[in-house]
Amino acid sequence: MNSKSQRDILEKLFVVLEDRKTNPSKNSYVASLYREGNNKINEKILEEAQEYIDAIKSSKKGSIVHEAADLWFHTLVSLALNDLTASDILEELERRFGQSGIEEKASRQK
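Here numbering that gives the first Met the number 0 is used: the first residue of the sequence shown is 0, the next is one more, and so on.
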């Protein structure tokens, strides 16, 4: 998958996430998360982060990818609920590109 199609999947996913906000369905997992709000989504992110850490410990690449996808997904749900997009995150990462993490962190503390 090339970077354009990878970005396309994020954009397609955000279309669905936004649709679930404006057209919630009783059968939609995402709509149920939106109804429960940030606290519930934060709980899911913490749960998925722990499952990701456990997968890393197992060293099973398939499990790592699966759990990373779950973690990313729930983070994207959180972003959408808070009127942010994957593009916002990609722009921030691009802004930081080529800057050391130490320098970037120091710039936020000013």
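Even glycine gets a Cβ: it sits at the ideal position worked out from N, Cα and C. Please read these numbers as outputs of a predicted model, since none were measured by experiment.
- The DSSP-derived three-state label of SER31 is helix.
- Taking LYS39 as the centre and dropping the five residues before and after it, the same chain places the C-beta of LEU32 closer than 8 Å to its C-beta, in chain order.
- In this structure, PHE13 places its C-beta atom within 8 Å of the C-beta atom of ALA79.
- With contacts defined as CB atoms closer than 8 Å, VAL15 and VAL76 fail to qualify as a contacting pair.
- About 15 Å separates the CB atoms of ILE52 and THR74; that is not less than 8 Å, and the two are not in contact.
- As the crow flies, the alpha-carbon of LEU83 is around 26 Å from that of ILE101.
- With respect to the C-alpha of ILE55, the residue from ASN41, GLU42 and LEU70 having the closest C-alpha is LEU70.
- DSSP, read as helix, strand or coil, puts SER58 in coil.
- Here DSSP, grouped into helix, strand and coil, assigns PHE96 to coil.
- Taken atom to atom, the span from the alpha-carbon of ILE8 to that of ALA85 is near 11 Å.
- ARG19 counts as buried, since at least 16 other C-beta atoms from the protein chains shown sit within 10 angstroms of its C-beta.
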